[in-house]
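The next block holds one structure in the form of structure tokens; read it before the comments.
2 protein chains.
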Amino acid sequence: MRLDIGNALASVTDPGISTEELEELDNAVERAHDRIVEGMESDEFGYTSLNLPDSTDPDAIRDAVAGFEDSEAVLTVGIGGSALGAGTISDTLGSNGIRHEMLDNVDPEAIIAVLDELPLAETTVNVVSRSGTTAETLANFLVVRDAMEKAGVDWTERTIVTTGDSGPLHELAVEHDLPKLHVPEGVPGRFSALSPVGLVPAAIQGHDIEAVLAGGQTGKESLSGSLSECPAYAYGAVSYALDERGASINAMMPYAEGLETFAEWFAQLWAESLGKDGKGQTPARALGATDQHSQLQLYRAGPRDKMVTLVRARDRTDRTIPETEIEDLAYLGGTGLGELLDAEFEATEASLAAAGRPNVRIELDQLDEEGIGELLFAMEAACILAGELYEIETFTQPAVEWGKRAARGLLGGGEFEEAEAVASKEQHIIE
Amino acid sequence: MRLDIGNALASVTDPGISTEELEELDNAVERAHDRIVEGMESDEFGYTSLNLPDSTDPDAIRDAVAGFEDSEAVLTVGIGGSALGAGTISDTLGSNGIRHEMLDNVDPEAIIAVLDELPLAETTVNVVSRSGTTAETLANFLVVRDAMEKAGVDWTERTIVTTGDSGPLHELAVEHDLPKLHVPEGVPGRFSALSPVGLVPAAIQGHDIEAVLAGGQTGKESLSGSLSECPAYAYGAVSYALDERGASINAMMPYAEGLETFAEWFAQLWAESLGKDGKGQTPARALGATDQHSQLQLYRAGPRDKMVTLVRARDRTDRTIPETEIEDLAYLGGTGLGELLDAEFEATEASLAAAGRPNVRIELDQLDEEGIGELLFAMEAACILAGELYEIETFTQPAVEWGKRAARGLLGGGEFEEAEAVASKEQHIIE
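Protein chains in written order, with the working numbering: chain P, 1 to 431; chain Z, 1 to 431.
So this is what it looks like as structure tokens:
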């Protein structure tokens with residue numbers, strides 16, 4: 001992975017980071033790295049996420065998916081960190097003829113559409129929940145199981161479970177002898193992509209999950225006490241420093257359709273880890289080149305409250321644009337679509353810099369197994385580093401509990417004072 | 001459409017709007033409405049967008065798509081405002097068995113995957129570009145035409161063109177006698193959903209495009225000089241006022257998978273129209289309930305720089321969650337997935353309010369033709385109103401031109417000084 005922060009320097013952009021500030025930041029990175037290494041070595045909650053490239057056993061995943069590789073589809077039933085990592089890896093690497101659908105919401109109309117359309121007898125259900133009690137996931141799983149039964153499909157022959165060492169999903173797996181994988185201990189969902197939580201669909205699709213982990217390993221080996229040697233830490237430190245200087249929004253803008261889900265995964269990682277104590281940079285998801293025709297006007301001419309992260313792979317399969325008789329477009333004929341995309345990437349980057357808007361370039365060699373493994377690991381390390389600099393608790397998500405209790409109370413799942421607050425909503429209606 | 005701004009009042013949230021401030025805002029809305037009506041009546045550039053529910057001729061669209069309703073797929077080739085409106089309407093209303101794909105990017109790998117997989121002989125190509133020279137759109141169209149020729153499909157029998165009254169696409173349509181629809185005059189792309197630009201795929205899919213326009217008409221009729229009588233203006237005015245008070249980010253969070261593309265459409269509308277002169281609220285796309293497990297932590301406990309817009313339909317098809325033997329989840333059995341989604345909607349809204357975070361509720365009766373027509377019109381009117389309050393030029397997008405010239409220069413399409421700036425990029429590389 002290659003990071004270029006040239007367009008985040010104070011000599012180019014405002015906000016920007018001066019050379020002196022970069023040196024100060026380097027000292028802070030050294031201290032944070034020591035803390036992170038300590039956490040990794042003692043398998044401390046959260047920090048141990050960075051050990052996954054070593055601790056994840058690909059053979060256990062291969063065993064669990066054995067016999068499912070001839071599926072026509074994989075249906076992941078999970079939400080948040082139990083779905084986005086799997087979606088990211090699978091969408092980056094491509095379907096290989098086995099499509100991957102996710103039920104990561106409880107919209108009945110969408111779920112009915114998916115179930116009506118999937119070949120259930122040839123679909124592998126990949127249900128993921130650490131506790132085995134996540135309301136959305138279990139509700140969806142009950143609906144899927146029911147749909148399979150009604151279609152005459154034995155769901156116990158088509159289901160893989162990834163969960164903790166106890167709880168309803170664990171018990172269900174034992175009772176029906178389902179292939180079962182473990183959610184890793186001490187790893188919050190949003191940091192679990194490089195574990196069975198993220199790797200099952202890719203394994204079924206025939207991707208080289210060992211290479212994904214090897215990519216993570218490359219990232220792990222590059223961790224060091226200086227940001228000038230570690231792209232992951234440099235990204236986290238620069239994002240933090242730009243936020244402190246007013247870039248409170250981080251627009252993650254990959255130039256690859258396959259990385260669209262990655263931008264969503266990043267948004268969860270960043271928002272849920274760093275959005276605490278009134279702090280935290282807000283991730284915005286964008287997609288190049290598409291969003292040049294949508295968000296770029298704002299990024300370039302709106303408030304100076306943003307940094308843009310541009311991501312691309314340096315090698316890809318290209319497709320040549322045919323020659324054309326249209327005079328105004330003759331220059332495109334014979335060019336590759338990928339060359340056009342690259343020109344737009346560089347043009348957007350320069351266009352932001354020319355307007356003094358900070359942006360950072362992340363380049364991978366290829367969007368392959370190693371590339372995505374390294375990218376996911378690097379963003380996790382960047383996030384943990386940023387959490388140290390913000391001095392917040394990176395690995396918790398306390399603010400989401402209130403709403404969970406309220407929803408449960410509303411549905412008759414117990415007495416919760418939060419549910420009463422819902423009933424007393426202040427109204428000011430215009431219709 | 002029903003708007004509830006109770007959770008944006010200063011008595012509930014910070015930032016928030018006091019009752020006195022709401023009255024002042026109402027005066028500003030009255031003046032802005034007069035300006036907007038003047039623009040509509042004189043068909044002034046941009047303002048005439050709000051006339052589309054009347055000026056769009058559904059019969060012309062029906063004529064153009066006649067014979068294409070038995071397609072297996074529609075492939076829209078367009079980008080930005082030439083794609084997002086069509087995607088939004090089609091994704092909201094559902095495929096009706098005729099899938100809608102969009103080529104709105106120039107990623108060769110994604111395009112190869114789409115073309116390999118589409119039944120080209122049964123696919124209708126819907127190419128949209130006002131000028132007929134948009135680089136991405138024309139490059140993709142040349143590739144699609146080539147793929148059809150190689151597959152032995154006569155592309156001239158399968159292509160509908162929506163463009164201006166001159167230019168290469170117009171000439172192509174004349175030369176090959178293709179069905180041709182007009183991009184409306186005086187309407188920027190992002191305001192053109194309620195025209196042929198947005199309605200062709202829905203018409204092919206058999207949706208009632210007259211009802212979509214009727215929904216827009218309902219929105220038009222509700223425009224009035226007071227925010228207390230016009231939900232669209234109230235939304236624009238409240239968003240503006242919250243931005244002025246620090247809510248520089250507007251998280252658009254529909255609770256319906258079918259509205260995911262709508263959130264993207266909204267992001268373009270808001271960003272490209274209002275992101276000027278250092279002003280403009282940054283749209284963030286979210287999706288309920290999924291993003292409760294991703295963004296909500298930040299929205300509730302991060303910086304007080306956000307408003308959240310929650311959107312839902314009050315009626316929908318539901319699916320019952322089967323009874324379960326799992327004790328902890330027994331409360332879900334017999335409940336509808338839609339009821340669960342509604343409970344989460346209300347819980348999230350209350351959870352934000354309890355943390356003093358402003359949020360606004362938009363409700364439609366149903367996610368049907370009239371509902372989406374009214375919603376799109378209302379957001380356009382809200383945006384134009386906000387543009388008046390910001391005192392910016394809502395209908396232009398000058399900041400995107402720099403990058404277009406740079407990209408063209410890089411590809412040998414002429415001499416542009418912007419391309420030279422790309423070559424002199426400041427580098428600071430970490431790898």
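For each residue, glycine too, the CB sits at the ideal point set by N, CA and C. Here the structure is a predicted model, which means the values were calculated and not measured.
Closest in alpha carbon position to Z:Gln-268, among Z:Ala-28, Z:Thr-88, Z:Ala-147 and Z:Thr-19, is Z:Thr-88. Straight-line spacing of the CA atoms in P:Glu-21 and Z:Arg-304 works out to 27 angstroms.
When the alpha-carbon of Z:Glu-272 is set against those of Z:Pro-15, Z:Gly-387 and Z:Leu-181, the nearest one is in Z:Gly-387.
Between P:Ile-430 and Z:Leu-227, the C-beta spacing is below 9 angstroms. A Cβ-Cβ separation of about 2 angstroms places P:Gly-189 in contact with P:Gly-81 under the 8 angstroms criterion. Under the three-state reduction of DSSP output, Z:Arg-319 falls in the coil class, being neither helix nor strand. If you check the CB distance, Z:Trp-270 and P:Ala-354 do not come in under 9 angstroms. By the C-beta density criterion, P:Arg-31 is exposed, having fewer than 16 other C-beta atoms within 10 angstroms. For the region 315 to 334 of chain P, the residues whose beta carbon sits under 7 angstroms from a beta carbon of chain Z are, in order, Arg-316, Thr-317, Asp-318, Arg-319, Ile-321, Pro-322, Thr-324, Ile-326, Asp-328, Leu-329, Tyr-331 and Leu-332.
Taken atom to atom, the span from the alpha-carbon of P:Val-187 to that of Z:Ala-313 is near 37 angstroms.
With the rule of 3 Cβ pairs closer than 8 angstroms, the region 274 to 294 of chain Z does not count as touching the region 331 to 338 of chain Z. At a cut-off of 4 residues, the continuous stretches assigned as alpha helix (DSSP H) that sit fully inside the region 102 to 183 of chain Z are 108 to 117, 135 to 150 and 168 to 176.
Under the three-state reduction of DSSP output, P:Ala-211 falls in the helix class. Residues of the region 340 to 360 of chain Z that bring their beta carbon within less than 8 angstroms of a beta carbon in chain P comprise Leu-340, Leu-341, Ala-343, Glu-344, Glu-346, Ala-347, Thr-348, Glu-349, Ala-350, Ser-351, Ala-353, Ala-354 and Ala-355, in sequence order. For the region 90 to 112 of chain Z, the set of residues with a beta-carbon nearer than 9 angstroms to any beta-carbon of chain P comprises Gly-94, Ser-95, Asp-104, Asn-105, Val-106, Asp-107, Pro-108, Glu-109, Ala-110, Ile-111 and Ile-112, in chain order. Considering only beta carbons, the part of the region 215 to 234 of chain Z lying closer than 8 angstroms to chain P consists of Leu-227, Ser-228, Glu-229, Cys-230, Pro-231 and Ala-234, in chain order. Using a Cβ distance threshold of 9 angstroms, P:Val-77 and P:Asn-126 count as a contacting pair.
For P:Met-40, the closest Cβ of chain Z is not nearer than 9 angstroms. Excluding its 5 nearest sequence neighbours in each direction, Z:Leu-25 has C-beta neighbours in its own chain below 6 angstroms: Ala-237 and Ala-241, listed in chain order. Looking at P:Ala-406, P:Lys-306, P:Arg-361 and P:Ser-239, the one whose alpha-carbon comes closest to that of Z:Glu-346 is P:Ala-406.
By the neighbour-count criterion, in which 16 or more other beta carbons inside 10 Å mark a residue as buried, P:His-176 falls on the exposed side.
Neighbours of Z:Gly-413 in chain P, taken as residues whose beta carbon is under 8 angstroms from its own, are Tyr-331 and Leu-332 in chain order. In this structure, DSSP gives P:Gly-67 a state outside helix and strand, which the three-state scheme calls coil.
The C-beta of Z:Ala-151 has fewer than 16 other C-beta atoms within 10 Å across all chains shown, which makes the residue exposed. Between P:His-33 and P:Leu-223, the C-beta spacing is below 9 angstroms.
In this structure Z:Arg-158 is buried. Its beta-carbon is surrounded by 16 or more other beta-carbon atoms within 10 angstroms. Scanning the region 318 to 382 of chain P for uninterrupted beta strand (DSSP E) segments of 3 residues or longer gives 359 to 366, listed from N- to C-terminal end. Annotation for Z:Phe-45: Gly-186 and Phe-395 place their beta carbon closer than 7 angstroms to its own, counting only its chain and skipping 5 residues before and after. For Z:Asn-7, the residues of chain P that pass the 8 angstroms Cβ criterion are Lys-425 and Glu-426, in the order they occur in the chain.
Looking at the DSSP output, Z:His-100 shares a beta bridge with Z:Val-74. Annotated as proximal: Z:Asp-91 and Z:Glu-260, with beta-carbon spacing under 9 angstroms. Residue pairing by DSSP places P:Ala-251 opposite P:Ala-284 and P:Val-308 in a beta bridge. Contact note: Z:Arg-285 reaches chain P through Arg-285, using a C-beta cutoff of 7 angstroms and chain order. Beyond the five residues adjoining it in sequence on each side, Z:Leu-385 comes within less than 6 angstroms, by CB distance, of Ala-32, Tyr-233 and Gly-236 in the same chain, given in chain order. Residues of the region 124 to 149 of chain P with a C-beta atom less than 7 angstroms from some C-beta of chain Z are Thr-133, Ala-135, Glu-136, Leu-138, Ala-139, Leu-142, Val-143 and Asp-146, listed in chain order.
Within chain Z, the residues placing a beta-carbon under 9 angstroms from that of P:Ala-399 are Leu-296, Gln-297, Leu-298, Tyr-299, Arg-300, Ala-301, Gly-302, Ser-351 and Ala-355, ordered along the chain.
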